[in-house]
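What follows is a set of notes on a single structure, which appears directly below.
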Amino acid sequence: MSTSRRSFLQGSAIASAALALRIVSEPMLARGREKAYPPGAVIIDQNENPLGPCRAARDAIAAITPQGGRYATNLTDDLAGLFARCEGLNPEYVKLFPGSSEPLHHAVLCFTSPEKSYVTADPGYEAGFYAANHARARIVNVPLTKDYAHDVKAMLAAAPDAGLFYICTPNNPTGTLTSHSDIEYLLSHKPKRSIVLVDEAYIHFADATSAIDFVKADKDVIVLRTFSKIYGMAGLRCGVAIARPNLLEKLSAYSGWNAMPVTAVVAAMASLKDAQLVPERKRLNANTRASTFQWLDSRGYSYIPSQSNFFLLDTKRPGKEAIDGMAAQQVFIGRIWPTMPTWVRITVGSEEEMQRFQIAWQRVMDSAALGKVPQHKKSSRIHLDGTVIPA
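In this text, residue positions in the sequence shown follow this note's numbering: the first is 4, and each later residue adds one.
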């Protein structure tokens with residue numbers, strides 16, 4: 004068989020595998036696409052940013068809309084170049100995607116197999132499981148350390164056959180960090196042909212050192228970034244994979260190439276140019292998170308200290324009961340993880356949303372202690388003073 008024919012067939016097989024893969028993202032894991040929220044609900048279950056896109060991004064979207072009939076691929080190149088300059092990278096080390104879910108799944112497909120395991124934290128972000136199952140790879144779940152960091156030494160010991168190590172920092176769902184030195188240790192001691200995938204979806208909320216410097220050093224690492232979180236663009240879909248060119252080329256064998264949404268591209272460029280956006284939103288999130296933690300402390304509730312825009316909260320009972328009780332109060336909170344069945348994930352919303360969360364949480368916890376769950380009409384709303392206003 005000629006080299007060209009072999010390459011064609013291999014490419015066809017890769018394309019077929021990618022097409023058959025179901026891309027799983029946060030909203031699908033949170034509630035399911037078929038469900039709608041009632042009017043006036045507090046939605047703190049998907050790690051979204053209630054602020055949405057910044058003003059400059061909104062203006063850029065409005066301005067580009069008349070050109071929405073064109074693919075405008077030059078704009079994608081412009082965004083890649085701008086991102087590269089912001090991070091001190093060569094543009095060849097940057098590849099754009101409509102969100103970061105796609106490169107996450109395709110990296111797992113690319114670097115795992117029945118002979119190459121997928122290694123991740125427990126609890127951790129679950130999306131990679133679906134791609135690993137699709138690749139028929141062994142999934143190795145390694146418990147977090149007592150400080151809720153990735154236990155990189157245990158990950159190495161558990162999978163000498165690893166194809167890909169997945170590190171999400173801050174970790175979803177705990178909001179806790181894995182140190183830069185631990186990632187460096189993992190890169191230095193991993194199996195020769197394995198890859199470390201570092202998901203930095205939430206890094207802008209935290210005081211943390213990025214793993215992008217390992218990319219600059221041409222290590223076996225892929226870093227993922229997204230505009231969905233601190234930039235408030237979850238519905239616009241814009242993400243970035245950062246790696247040395249040969250790794251991005253392998254990733255492209257699965258992901259191929261497609262035009263980016265022009266609205267997302269111009270919104271991302273406008274966001275990157277706003278020097279105050281990230282520090283200001285980081286400050287706002289930290290303040291709201293701190294005030295929420297203070298309230299939880301004052302009432303004796305247990306939570307995991309987070310450096311992100313979400314945290315895990317202990318219900319002291321099956322988490323599903325608390326989720327259902329909160330939904331009855333029109334406050335929608337995040338899911339549970341099998342390894343921590345009494346803990347639920349709470350997104351940090353706006354100050355008003357977190358006040359409504361506090362009222363509903365206290366009511367649900369008090370009712371649960373009495374053996375009953377409060378019920379209200381789906382159209383009712385909770386005022387900040389705790390009163391329930393019916394439809």
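Beta carbons are placed, not taken as given, at the ideal position from N, Cα and C, and that holds for glycine.
1) With a threshold of 16 other CB atoms inside 10 Å of the CB of K98, please say whether the residue is buried or exposed.
2) Rounded to whole angstroms, what's the CA-CA distance from A160 to L200? Just pull it up for me.
3) For V145, which residues does DSSP report across the bridge?
4) With 16 other CB atoms within 10 Å as the buried threshold, where does N175 fall?
5) Taking Cβ positions, are P420 and A165 nearer each other than 8 Å?
6) Tell me whether the region 291 to 301 and the region 265 to 282 touch, counting them as touching only if at least three CB pairs, one residue from each stretch, are closer than 8 Å.
7) Below 8 Å on the Cβ atoms is my guess for E95 versus L32; work out the distance and round it to an integer in Å.
8) Considering Cα atoms alone, identify which of N77, A134, F314 and R247 is closest to G178.
9) Decide if the region 278 to 293 is in contact with the region 80 to 91; the criterion is three or more beta carbon pairs, one per stretch, under 8 Å apart.
10) Nearest to D150 by alpha carbon, out of E90, V224 and P308?
11) Leaving aside the five residues before and after L180 along the sequence, list all residues of the same chain whose C-beta is less than 8 Å from its C-beta, in chain order.
12) Determine contact between the region 212 to 227 and the region 245 to 256, defined as no fewer than three beta-carbon pairs at a distance below 8 Å.
13) What does DSSP give as the partner residue(s) for S116 in the beta ladder?
14) In the DSSP assignment, find the alpha helix (DSSP H) that holds C171 and state where it starts and stops.
15) Taking buried to mean at least 16 other C-beta atoms within 10 Å of its own C-beta, is Y121 buried or exposed?
16) Can you tell me whether V235 is buried or exposed? The criterion is at least 16 other CB atoms within 10 Å of its CB, across all chains shown.
17) So, with DSSP's three-state summary, where would you put R36?
18) Do T350 and D48 have their CB atoms nearer than 8 Å?
19) According to DSSP, what are the bridge partners of L315?
20) Does DSSP classify L227 as helix, strand or coil?
21) Between the region 280 to 294 and the region 68 to 79, do three or more beta carbon pairs fall short of 8 Å?
22) Classify K38: buried if its beta carbon has 16 or more other beta carbons within 10 angstroms, exposed otherwise.
23) For a test of the three-state rule: what should DSSP assign to A75, helix, strand or coil?
24) Which residues in the same chain as P146 place their Cβ atom closer than 6 Å to its Cβ, once the five residues preceding and following it in sequence are excluded?
25) On a CA-only basis, which of F100, S104 and D81 is nearest N93? Give me that one, please.
26) Are G322 and T345 closer than 8 Å when you measure CB to CB?
27) Between the Cα of Q333 and the Cα atoms of T342, V367 and N312, which residue gives the shortest distance?
28) Provide the residue span of the alpha helix (DSSP H) that contains A134, from first to last.
29) Assign H108 to buried or exposed, taking buried as 16 or more other Cβ atoms, counted over all protein chains shown, within 10 Å of its Cβ.
30) Under the rule that 16 or more other beta-carbon atoms within 10 Å means buried, what is Q70, buried or exposed?
31) Find the nearest neighbour of G72 within the set L24, T266 and I26, judged by alpha-carbon distance.
So, from the data block:
1) The residue labelled residue 98 in the question sits at position 95 within the sequence shown. Burial call: buried.
2) Residue mapping note: residue 160 aligns to position 157 of the sequence shown, counting from 1. Residue mapping note: residue 200 aligns to position 197 of the sequence shown, counting from 1. Distance between the alpha carbons of A160 and L200 is about 18 Å.
3) Residue numbering aside, residue 145 sits at position 142 when the sequence shown is read from its first letter. Answer is A124, bridged to V145.
4) Stepping through the sequence shown from its first residue, residue 175 is reached at position 172. Residue environment for N175: buried (at least 16 other C-beta atoms within 10 angstroms of its C-beta).
5) The structure shown has nothing for residue 420, since the chain only spans 4 to 394.
6) Too few Cβ pairs lie closer than 8 Å, so no.
7) Position 92 of the sequence shown, counted from the start, is the residue given in the question as residue 95. Position 29 of the sequence shown, counted from the start, is the residue given in the question as residue 32. Actually they do not touch by this definition, with Cβ atoms about 33 Å apart.
8) Here residue 178 is taken as the residue at index 175 of the sequence shown, counted from 1. Taking only the C-alpha atoms, the option nearest G178 is F314.
9) no
10) As a first step, residue 150 must be located in the sequence shown, where it is residue number 147. Comparing Cα-Cα distances from D150 to each of E90, V224 and P308, the minimum goes to P308.
11) Within the sequence shown, residue 180 is the residue found at index 177, counting from 1. Taking C-beta separations shorter than 8 Å and ignoring five residues to either side along the sequence, the partners of L180 in its chain run A152, T172, P173, N174, A209, A211 and Q310, following chain order.
12) Yes, the region 212 to 227 touches the region 245 to 256.
13) Residue mapping note: residue 116 aligns to position 113 of the sequence shown, counting from 1. K119.
14) Taking the first residue of the sequence shown as position 1, residue 171 is located at position 168. Note, C171: premise wrong, no alpha helix (DSSP H); beta strand (DSSP E) at A165 to C171.
15) Taking the sequence shown and counting its residues from 1, the one referred to as residue 121 is at position 118. Buried, because 16 or more other Cβ atoms sit within 10 Å of the Cβ of Y121.
16) In the sequence shown, counting from the first residue as 1, residue 235 sits at position 232. The sequence given here has Gly at residue 235, not Val. The residue in question, G235, is buried, as its Cβ has 16 or more Cβ neighbours within 10 Å.
17) Your numbering for residue 36 matches position 33 in the sequence shown. Any reading at R36 is ruled out, since the residue's pLDDT is 45, under 50, leaving its predicted position unreliable.
18) Here the question's residue 350 lines up with position 347 in the sequence shown. Here the question's residue 48 lines up with position 45 in the sequence shown. Result yes, Cβ atoms of T350 and D48 sit closer than 8 Å.
19) Reading the sequence shown from its first residue, position 312 is the one you call residue 315. Answer by DSSP bridge pairing, in chain order: R348.
20) Start at 1 with the first residue of the sequence shown, and residue 227 comes out as number 224. The answer is strand: DSSP assigns L227 an E or B state.
21) No contact exists between the region 280 to 294 and the region 68 to 79.
22) As a first step, residue 38 must be located in the sequence shown, where it is residue number 35. So K38 ends up on the exposed side.
23) To locate residue 75, count along the sequence shown from 1; it is residue 72. A75: coil per DSSP, three-state reduction.
24) Position 143 of the sequence shown, counted from the start, is the residue given in the question as residue 146. Only D125 meet the Cβ criterion.
25) Your numbering for residue 93 matches position 90 in the sequence shown. When only C-alpha atoms are compared, the closest one is D81.
26) The residue given as residue 322 occupies position 319 in the sequence shown. The residue given as residue 345 occupies position 342 in the sequence shown. In this structure, T345 lies closer than 8 Å to G322 by Cβ.
27) Along the sequence shown, read from residue 1 onward, the residue named residue 333 stands at position 330. Relative to the Cα of Q333, the nearest Cα in the group T342, V367 and N312 belongs to V367.
28) Counting from one through the sequence shown, the residue named residue 134 turns up at place 131. Segment A130 to H137, the alpha helix (DSSP H) holding A134.
29) Locating residue 108 in the sequence shown gives position 105, where the first residue counts as 1. Counting Cβ neighbours within 10 Å, H108 comes out buried, since at least 16 surround it.
30) To locate residue 70, count along the sequence shown from 1; it is residue 67. It counts as exposed.
31) Position 69 of the sequence shown, counted from the first residue, corresponds to residue 72. Ranking L24, T266 and I26 by Cα distance to G72 puts T266 first.
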